[in-house]
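Using this note's numbering, the letters of the sequence shown correspond one by one to residues 51 to 126. For every residue, glycine included, the Cβ atom is placed at its ideal position computed from N, Cα and C. Notes follow the structure.
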Amino acid sequence: MVWYVRTAKTASGARTVQIVYSSQRGSRDIEHSGSAHDNAESEVLKAAARRPLAAGQGELDLAWTMPARRLRVLRC
């Protein structure tokens, strides 16, 4: 499942901030985070919407290193 934060314009001219959860099948769940009437309020709401979502995601340590590249020798 993938999540992202989006904004949309309402009929009254305000900007609504929404958290969208989408799956590979195309289904979506939309959670309303709040409405903003200017850019400053919109940025605050976006930051607040990202905070709890990002808190649940820890850093994944893959312990992956770049493999050594093999060189091709060309003979002329």
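Check, Outcome
"Own chain partners of S73 with C-beta closer than 8 Å, once the 5 adjacent residues on each side are dropped", "M51 and V52"
"Beta-carbon separation (whole angstroms), A99 vs V55, contact threshold 8 Å", "5 Å"
"Beta-carbon proximity list for T60, same chain, < 6 Å, skipping 5 on both sides", "T66"
"Per DSSP, cross-strand counterpart(s) of K59", "R65"
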